[in-house]
Amino acid sequence: MSAALIDLSYLVASVLFILGLKALSHPRTAVRGNLVSALGMLIAVVATLLDRQILGFGWILAGLVIGSGLGALLAARTPMTAMPQMVALLNGFGGGASVLVAGAALVEAVGIAERPVTLTLTVATGLSGLIGGVTLLGSLVAWAKLEERIPGNPVLFPGQHVLNAALALGTLALCAGVAVRPDLQVLYWGLVLVSSVLGVLLVIPIGGADMPVVISLLNSYSGMAACTTGFVLGNTMLIIAGALVGASGIILTQIMCKAMNRSLANVLFGGVGAVAGGKGPSADDVYAGRLKSTSPEEIAMILELARRVMIVPGYGLAVSQAQHSVRDLTRLLESRGVQVEFAIHPVAGRMPGHMNVLLAEADIPYEKLLTMEEANPVMEQVDVALVIGANDVVNPAARTDPGSPIAGMPILDVDKARTVVMVKRSLSPGFAGIPNPLFAADNCLMYFADGKKAMVDLIAAVREAA
Amino acid sequence: MEMLVLLVTIFVLAVFVGFEIIAKVPPTLHTPLMSGSNAISGITLVGALLSAGMQHSLLTAVLGFLAVVLATINVVGGYLVTHRMLGMFRRKS
Chain A
3 MSAALIDLSY LVASVLFILG LKALSHPRTA VRGNLVSALG MLIAVVATLL DRQILGFGWI
63 LAGLVIGSGL GALLAARTPM TAMPQMVALL NGFGGGASVL VAGAALVEAV GIAERPVTLT
123 LTVATGLSGL IGGVTLLGSL VAWAKLEERI PGNPVLFPGQ HVLNAALALG TLALCAGVAV
183 RPDLQVLYWG LVLVSSVLGV LLVIPIGGAD MPVVISLLNS YSGMAACTTG FVLGNTMLII
243 AGALVGASGI ILTQIMCKAM NRSLANVLFG GVGAVAGGKG PSADDVYAGR LKSTSPEEIA
303 MILELARRVM IVPGYGLAVS QAQHSVRDLT RLLESRGVQV EFAIHPVAGR MPGHMNVLLA
363 EADIPYEKLL TMEEANPVME QVDVALVIGA NDVVNPAART DPGSPIAGMP ILDVDKARTV
423 VMVKRSLSPG FAGIPNPLFA ADNCLMYFAD GKKAMVDLIA AVREAA
Chain B
395 MEMLVLLVTI FVLAVFVGFE IIAKVPPTLH TPLMSGSNAI SGITLVGALL SAGMQHSLLT
455 AVLGFLAVVL ATINVVGGYL VTHRMLGMFR RKS
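Chains as they are written, first to last, in the numbering used here: chain A, 3 to 468; chain B, 395 to 487.
Right, dumping it as structure tokens:
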């Protein structure tokens, strides 16, 4: 196949990627969009395999078989609750692949006499090693935190910022080294090593609830890594596809930061959760014996009189795998003429859209899922707000207390509902480590239980009350 | 140099296209967007195939092979899991 034909195939593939992403703008067209995008990838791979530069297919076949097997296994086995880990892992593999491809390209470029070693090539190779290394190890740390292989809370130590700054300077110096002396292979692999350490150090200070930002950012990095590899190989399709993914990750990162009213720098370097708690009112002052604990029977009685119920899911719902029980409760209430909707905060869960996927898995129609902007204006008409495993995203201190660590963060105004039921395992504070004055409010009832067990007991009580 | 300018032009335009189309994706589909775009970033596979197949040296072949494995996991895993997820959104609309 001639070079021009291969390039044309790459153009077709790029167009299919764009059309595929465009179709993701609605659940109805999204499945087709994903297939269109996959078709683009297939065309790109087949066109590449027809390239005359390829002399043997042994290594390729082995790699494709092993990779497809592992990929299919991962995709089929991973439960929906573990999607954040899966995406983190895939981000990391993308970064790792870029590191290896750029490394191999550098060896080839230096070794093949007739191919010019341009500055573009060497600089892009350095950047691929840098971004790819940070993405690979950063993603593996994020994966380990989400899988709870290592503690999910922020890990901070003295001199962290100084060390990070030193490592960042080191990577830039090594990048320059690769650009000037591409024949010294050790510089490139040294760069990858230092970047990997930097990736670890950048992600360990970030706590669980900030994971949506980190995963979005790593998603963007994996695209950027593909992009720089495109510059190494002079391949326009890699650049286009990488730029699309990079843009997507940046948009999601921005949305997540805005939903927490924090800057990206604050999320990356702030270490919230580890330092908060010193200032502000203590939990005892806020609650001061004003908490009202409730039972499934009492909630069932309140629900019997309710006409509109708003369910607010949080990470606790994912942890206790309560999505199917929530669906059962929803259907039971709807069969009695109650209007049930879901209010979803942008940073609920551990990645963008995490709650939506879990509720979709449980067959809850997406029309019932309201965004924060849709839910808040109707909150005053809600009879019962049922908050399951969420805390900081419904904390009114964000609105009322300018000194609070979460001051200014947009929240779901569940306190404006007639009655609020908080389903929580214990009184432990949320991720931000601050007490929630909502718990002590007159219209708030505390239902201390694991999310799933709480739903099962509540369903039984509602059935009995009828 | 001309080549670099051309590549940068393509890059900048692609970023703008990316911002335009992805800003329209609703929050409900943000997780499939991430896994789906992840599969697209597995496009590095194209470069990996060339390295693994050109057989310039054993070193580049092995590097290429490992890159093919990682990128294929990314591509196959990404598209399949996105398909699985999106099926859940579709079935009751």
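Quick reminder that beta carbons are idealized off the backbone N, C-alpha and C, glycines included.
Just so you know, these numbers come straight off a predicted model, no measurement behind them.
Identity of the residue in the options nearest residue i by Cα
i, options, result
"GLY351(A)", "GLY209(A), ARG264(A) and LEU246(A)", "GLY209(A)"
"VAL125(A)", "GLY140(A), ARG151(A), THR230(A) and GLY94(A)", "THR230(A)"
"VAL103(A)", "LEU121(A), GLY134(A), ALA181(A) and ALA451(A)", "GLY134(A)"
"LEU254(A)", "ASP286(A), ALA228(A) and LEU220(A)", "LEU220(A)"
"SER224(A)", "GLU149(A), GLY432(A), ILE252(A) and PRO207(A)", "ILE252(A)"
"ARG54(A)", "ARG310(A), LEU203(A), ASN378(A) and LEU7(A)", "LEU7(A)"
"ARG488(B)", "ARG30(A), GLU382(A) and THR373(A)", "Residue 488(B) lies beyond the range of chain B shown here (395 to 487); nothing can be said about it."
"VAL328(A)", "GLU363(A), MET303(A), LEU18(A) and GLY65(A)", "GLU363(A)"
"SER435(B)", "MET482(B), VAL419(B), GLY412(B) and VAL456(B)", "GLY412(B)"
"ILE390(A)", "GLU376(A), MET312(A), SER337(A) and PRO439(A)", "MET312(A)"
"GLU369(A)", "LEU176(A), THR83(A), ARG427(A) and GLU343(A)", "GLU343(A)"
"HIS163(A)", "LEU204(A), GLY97(A), LEU129(A) and GLY172(A)", "LEU204(A)"
"GLU306(A)", "GLY73(A), LEU334(A) and ASN166(A)", "LEU334(A)"
"VAL439(A)", "ILE152(A), LEU10(A) and LEU293(A)", "Reading off the sequence, residue 439(A) comes out as Pro, not Val. Nearest C-alpha to PRO439(A): LEU293(A)."
"ALA106(A)", "ILE257(A), VAL188(A), VAL247(A) and VAL14(A)", "VAL188(A)"
"ILE114(A)", "ILE467(B), MET448(B) and ARG478(B)", "MET448(B)"
"MET397(B)", "SER141(A), ALA456(A), GLY236(A) and GLN341(A)", "GLY236(A)"
"ALA462(A)", "THR173(A), ALA64(A) and ASP330(A)", "ASP330(A)"
"VAL463(B)", "THR438(B), THR422(B), ILE416(B) and VAL399(B)", "THR438(B)"
"ALA261(A)", "ASP212(A), MET457(A), ALA302(A) and LEU171(A)", "ASP212(A)"
"ILE152(A)", "CYS446(A), VAL202(A) and SER295(A)", "VAL202(A)"
Residue range of the beta strand (DSSP E) that includes residue i
i, result
"PRO315(A)", "310-315"
"PHE450(A)", "446-450"
Contacting residues, own chain, Cβ-Cβ under 6 Å from residue i (five flanking each side not counted)
i, result
"ARG34(A)", "ALA25"
"ILE346(A)", "MET357 and LEU371"
"SER39(A)", "PHE19 and GLY22"
"LEU319(A)", "ILE390, GLY391 and GLY453"
"MET226(A)", "ILE133 and GLY248"
"ILE241(A)", "CYS229 and GLY232"
"SER322(A)", "ASP452, GLY453 and LYS454"
N- and C-terminal bounds of the alpha helix (DSSP H) containing residue i
i, result
"PHE344(A)", "Taken as a continuous stretch (DSSP letters only), PHE344(A) belongs to no alpha helix (DSSP H), being part of the beta strand (DSSP E) at 341-346."
"THR1(A)", "Nothing can be reported for residue 1(A): it is not among the residues displayed for chain A, which extend from 3 to 468."
"HIS477(B)", "472-484"
"LYS24(A)", "5-24"
"MET397(B)", "396-416"
"MET457(A)", "453-467"
"ALA332(A)", "Looking at the sequence itself, residue 332(A) is Thr, so the reference to Ala does not match. Counting along the chain, the alpha helix (DSSP H) containing THR332(A) begins and ends at 325-337."
"ILE304(A)", "298-307"
"ALA285(A)", "285-289"
is_contact[residue i, chain E] using C-beta, thresh 7 Å
i, result
"GLU299(A)", "Absence of chain E from the displayed structure is noted, the protein chains being A and B."
Contacts around residue i, its chain only, beta-carbon distance under 7 Å, and the 5 residues preceding and following it disregarded
i, result
"PRO81(A)", "none"
"ALA278(A)", "Confidence in ALA278(A) is poor, its pLDDT being 44 and thus under 50, which makes the residue's placement unreliable; the coordinate value appears in the next sentence. Taken in chain order, the residues that qualify are PRO407, ALA434, GLY435 and ILE436."
"ALA99(A)", "none"
"THR476(B)", "PRO426, SER429, GLY430 and ALA433"
"LEU457(B)", "SER445"
"SER218(A)", "GLY251, LEU254, THR255, MET258 and PRO354"
"ALA144(A)", "ALA90, VAL205, MET213, VAL216, ILE217 and LEU220"
Close Cβ partners of residue i (< 8 Å) along its chain, the five nearest in sequence each way excluded
i, result
"GLY280(A)", "In this predicted model, GLY280(A) has a pLDDT of only 46, less than 50, meaning its place in the structure is not dependable enough to derive any value."
"LEU339(A)", "Residue identity differs from the one stated: residue 339(A) is Gly in this sequence, not Leu. Once the five neighbours on either side are set aside, the close Cβ partners of GLY339(A) are ARG309."
"VAL47(A)", "none"
Complete runs of the alpha helix (DSSP H) confined to the segment 418-453 of chain B [at least 4 residues]: 424-435 and 439-448
Residues of the segment 204-231 of chain A with Cβ closer than 8 Å to any Cβ of chain B, in chain order: ILE217, SER218, ASN221, SER224, GLY225, ALA227, ALA228, CYS229 and THR231
4-residue-minimum alpha helix (DSSP H) runs that sit fully inside the segment 362-433 of chain A, ordered along the chain: 374-377 and 399-402
Residues in the segment 395-419 of chain B having any Cβ partner in chain A nearer than 7 Å: MET397, LEU398, LEU401, ILE404, PHE405, ALA408, VAL409, VAL411, GLY412, PHE413, ILE415, ILE416, ALA417, LYS418 and VAL419
Uninterrupted alpha helix (DSSP H) stretches inside the segment 165-245 of chain A (no shorter than 4 residues): 187-205 and 213-235
Contact residues within the segment 101-112 of chain A, judged by C-beta distance below 9 Å to chain B: VAL101, LEU102, VAL103, ALA104, GLY105, ALA106, ALA107, VAL109 and GLU110
Near-chain B residues of the segment 336-362 of chain A - C-beta to any C-beta below 8 Å: ILE346, PRO348, MET353, PRO354, GLY355, HIS356, ASN358, VAL359 and ALA362
4 or more residues per run - each alpha helix (DSSP H) lying fully within the segment 50-98 of chain A: 60-79
Residues in the segment 380-413 of chain A having any Cβ partner in chain B nearer than 7 Å: none
Against chain B: residues of the segment 10-37 of chain A by CB proximity under 7 Å: PHE19, ILE20, LEU23, LYS24, LEU26, SER27, PRO29, ARG30, ALA32, VAL33 and ASN36
Positions along the segment 314-336 of chain A whose CB lies within less than 7 Å of some CB in chain B: none
Chain-ordered residues of the segment 82-93 of chain A with a beta carbon less than 8 Å from chain B: MET82, MET85, MET88, VAL89, LEU92 and ASN93
Interfacial residues, the segment 233-245 of chain A to chain B, with Cβ spacing under 9 Å: PHE233, VAL234, LEU235, GLY236, ASN237, THR238, MET239, LEU240, ILE241, ILE242, ALA243, GLY244 and ALA245
Interface positions of the segment 243-270 of chain A facing chain B (Cβ-Cβ less than 9 Å), listed along the chain: ALA243, GLY244, ALA245, LEU246, VAL247, GLY248, ALA249, SER250, GLY251, ILE252, ILE253, LEU254 and ILE257
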